[in-house]
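Below is one structure; the comments refer to it alone.
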Amino acid sequence: MLRLQRTKMGRLRASLSRGLHHRAVMALRREDVNAWERRAPLAPKHIKGITNLGYKVLIQPSNRRAIHDKEYVKAGGILQEDISEACLILGVKRPPEEKLMSRKTYAFFSHTIKAQEANMSLLDEVLKQEIRLIDYEKMVDHRGIRVVAFGQWAGVAGMINILHGMGLRLLALGHHTPFMGAQEIFNELPCEYVEPHELKEVSQNGDLRKVYGTVLSRHHHLVRKTDGVFDPVEYDKHPERYISRFNTDIAPYTTCLINGIYWEQNTPRLLTRHDAQSLLTPVKSSGITVEGCPELPH
Numbered sequence: 005m006l007r008l009q010r011t012k013m014g015r016l017r018a019s020l021s022r023g024l025h026h027r028a029v030m031a032l033r034r035e036d037v038n039a040w041e042r043r044a045p046l047a048p049k050h051i052k053g054i055t056n057l058g059y060k061v062l063i064q065p066s067n068r069r070a071i072h073d074k075e076y077v078k079a080g081g082i083l084q085e086d087i088s089e090a091c092l093i094l095g096v097k098r099p100p101e102e103k104l105m106s107r108k109t110y111a112f113f114s115h116t117i118k119a120q121e122a123n124m125s126l127l128d129e130v131l132k133q134e135i136r137l138i139d140y141e142k143m144v145d146h147r148g149i150r151v152v153a154f155g156q157w158a159g160v161a162g163m164i165n166i167l168h169g170m171g172l173r174l175l176a177l178g179h180h181t182p183f184m185g186a187q188e189i190f191n192e193l194p195c196e197y198v199e200p201h202e203l204k205e206v207s208q209n210g211d212l213r214k215v216y217g218t219v220l221s222r223h224h225h226l227v228r229k230t231d232g233v234f235d236p237v238e239y240d241k242h243p244e245r246y247i248s249r250f251n252t253d254i255a256p257y258t259t260c261l262i263n264g265i266y267w268e269q270n271t272p273r274l275l276t277r278h279d280a281q282s283l284l285t286p287v288k289s290s291g292i293t294v295e296g297c298p299e300l301p302h
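Written out as structure tokens, the structure is:
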């Protein structure tokens, strides 16, 4: 498997132990599970460090990758489509199931740790093909702290992407306000922060030239099932005793949600599928109904 260690000089030291099935060859696979993924699991400087130790690194060509193929070649990587020689195959997102290769070691974000229904067939295929899966989400140090995470940049990228997507949606609905973009990106907009309890008022009577935002904490929407009170100490120990009022107190007045919480199976859901279906149903307006111009948000 791949190990990346930081030395006292601040440099990354890479070592590649021999896999169980093949000789020690590593590959960076092309991200192809969706059309917009441009990230890469390693940068050219990492490839240079690994190849300098005498290991072979294959780079599957991609014209979508944020880093050009030639930069990896300069660092010592070998550009080729066939990566079957590799014993360790790295990616960012999951590969399509039909492209998995038997008895290999894969490293990527599998999104299966919490038994996510959408990826259970992927996990079945991994087991069927005797694949060893290294999930970045479960790579931790001696304190149990994750060592591979996008952190702040996940919020930056998520905010930009969702603002872009919402702009396209508004444009398709006939609302010609497709502005392009985590809070740091939001602050670049003509924005005003309000308290969560003020959302209903600004959604109905706010300044149409502004973008309103709010930062939600647990006490804003989580309440104990028995008495409607929030106790942070008890919640940390027994989250199953609580429910979320997000679907009634916040979501109806929200056009765009940036969900940055960490969720476990025994914690309350922000929105159920039924909630989402209800919220996405256009409101019956008393005015003249115009096709393609539903009342927002919905």
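Note that the sequence shown covers residues 5 to 302 in our numbering. Each residue gets a CB set at the ideal place from its N, CA and C atoms; glycine is no exception. Everything numeric in this text was worked out from a predicted model, so none of it was measured.
Hey, out of the options, whose CA is closest to residue i's CA?
{"i": "Leu83", "options": "Arg249, Leu32, Asp279, Arg273", "result": "Leu32"}
{"i": "Ala158", "options": "Val96, Ser207, Arg147, Ile149", "result": "Val96"}
{"i": "Lys52", "options": "Ala44, Val61, Lys204", "result": "Val61"}
{"i": "Met124", "options": "Thr252, Arg277, Arg98", "result": "Arg98"}
{"i": "Thr276", "options": "Asn209, Asp86, Ser248, Val206", "result": "Ser248"}
{"i": "Gly81", "options": "Lys229, Thr55, Asn209", "result": "Thr55"}
{"i": "His50", "options": "Arg68, Arg34, Met30, Tyr239", "result": "Met30"}
{"i": "Ala111", "options": "Ile265, Glu35, Pro194", "result": "Glu35"}
{"i": "Glu244", "options": "Ala122, Pro272, Asn191, Gly169", "result": "Pro272"}
{"i": "Asp73", "options": "Ala47, His201, Val198, Ala90", "result": "Ala47"}
{"i": "Glu41", "options": "Ala122, Arg68, Glu192, Leu283", "result": "Arg68"}
{"i": "Asp231", "options": "Leu167, His242, Tyr140, Tyr246", "result": "Tyr246"}
{"i": "Ala44", "options": "Asp253, Glu75, Glu121", "result": "Glu75"}
{"i": "Asn2", "options": "Asp139, Gly162, Glu129", "result": "Outside the displayed span of the chain (5 to 302) sits residue 2, for which this structure offers no information."}
{"i": "Ile87", "options": "Ala70, Lys108, Ala79", "result": "Lys108"}
{"i": "Asp253", "options": "His278, His242, His225, Glu238", "result": "His225"}
{"i": "Ala280", "options": "Pro194, Thr116, Tyr239, Phe250", "result": "Phe250"}
{"i": "Ala119", "options": "Trp267, Leu274, Cys91", "result": "Trp267"}
{"i": "His223", "options": "Arg147, Ala28, Tyr239", "result": "Tyr239"}
{"i": "Leu167", "options": "Asn209, Pro200, Leu261", "result": "Leu261"}
Grab the span of the beta strand (DSSP E) containing residue i for me, first residue to last.
{"i": "Glu196", "result": "195 to 197"}
{"i": "Thr252", "result": "Note, Thr252: premise wrong, no beta strand (DSSP E); alpha helix (DSSP H) at 250 to 253."}
{"i": "Asp139", "result": "136 to 139"}
{"i": "Lys60", "result": "60 to 63"}
{"i": "Ile93", "result": "92 to 94"}
{"i": "Thr109", "result": "109 to 112"}
{"i": "Leu32", "result": "29 to 32"}
{"i": "Val215", "result": "215 to 217"}
{"i": "Leu131", "result": "Per DSSP, Leu131 belongs to no beta strand (DSSP E); it is in the alpha helix (DSSP H), 124 to 132."}
With residue i and residue j assumed to form a contact (beta carbons below 8 Å), what rounded beta-carbon distance in angstroms separates them?
{"i": "Gln64", "j": "Leu104", "result": "That belief does not hold up - the Cβ atoms of Gln64 and Leu104 are roughly 14 Å apart, past 8 Å."}
{"i": "Ser303", "j": "Tyr257", "result": "Look at the range of the chain in this structure, 5 to 302, and you will see that residue 303 is not part of it."}
{"i": "Val219", "j": "Val227", "result": "Between Val227 and Val219 the Cβ distance is about 19 Å, and since that is not below 8 Å, they are no contact."}
{"i": "Pro194", "j": "Arg213", "result": "7 Å"}
Decide if residue i is buried, meaning its Cβ has at least 16 other Cβ atoms within 10 Å, or exposed.
{"i": "Thr285", "result": "exposed"}
{"i": "Val151", "result": "exposed"}
{"i": "Ser114", "result": "buried"}
{"i": "Leu127", "result": "buried"}
{"i": "Ile149", "result": "exposed"}
{"i": "Ile117", "result": "exposed"}
{"i": "Leu57", "result": "exposed"}
{"i": "Ala70", "result": "exposed"}
{"i": "Leu94", "result": "buried"}
{"i": "Ala90", "result": "buried"}
{"i": "Leu172", "result": "exposed"}
{"i": "Leu131", "result": "exposed"}
{"i": "Phe183", "result": "The pLDDT assigned to Phe183 is 41, lower than 50, so where the model puts this residue is not dependable, and the model offers no usable value."}
Give a yes or no on whether the minimum CB-CB distance between residue i and chain D is below 8 Å.
{"i": "Asp240", "result": "Note that chain D does not occur in the displayed structure, where there is just one protein chain."}
Using the C-alpha atoms, what's the distance from residue j back to residue i?
{"i": "Leu174", "j": "Asn165", "result": "14 Å"}
{"i": "Pro100", "j": "Val215", "result": "38 Å"}
{"i": "Ala255", "j": "Asp145", "result": "37 Å"}
{"i": "Glu196", "j": "Gly155", "result": "25 Å"}
{"i": "Phe190", "j": "Ile265", "result": "18 Å"}
{"i": "Ser106", "j": "Ile138", "result": "15 Å"}
{"i": "Leu283", "j": "Thr259", "result": "10 Å"}
{"i": "Ser66", "j": "Leu177", "result": "34 Å"}
{"i": "Glu192", "j": "Val198", "result": "16 Å"}
{"i": "Tyr59", "j": "Glu121", "result": "37 Å"}
{"i": "Glu141", "j": "Ala153", "result": "7 Å"}
{"i": "Leu92", "j": "Glu129", "result": "17 Å"}
{"i": "Glu85", "j": "Lys78", "result": "17 Å"}
{"i": "Ile135", "j": "Ala39", "result": "25 Å"}
{"i": "Glu205", "j": "Lys241", "result": "35 Å"}
{"i": "Gly169", "j": "Val160", "result": "14 Å"}
{"i": "Leu203", "j": "Gly210", "result": "9 Å"}
{"i": "Pro200", "j": "Ala28", "result": "54 Å"}
{"i": "Gly217", "j": "Glu102", "result": "42 Å"}
{"i": "Gln269", "j": "Arg147", "result": "23 Å"}
{"i": "Val37", "j": "Lys229", "result": "40 Å"}
{"i": "Leu274", "j": "Met143", "result": "27 Å"}
Hey, quick one: how far does the alpha helix (DSSP H) through residue i stretch, first residue to last?
{"i": "Ala161", "result": "156 to 176"}
{"i": "Ala280", "result": "277 to 283"}
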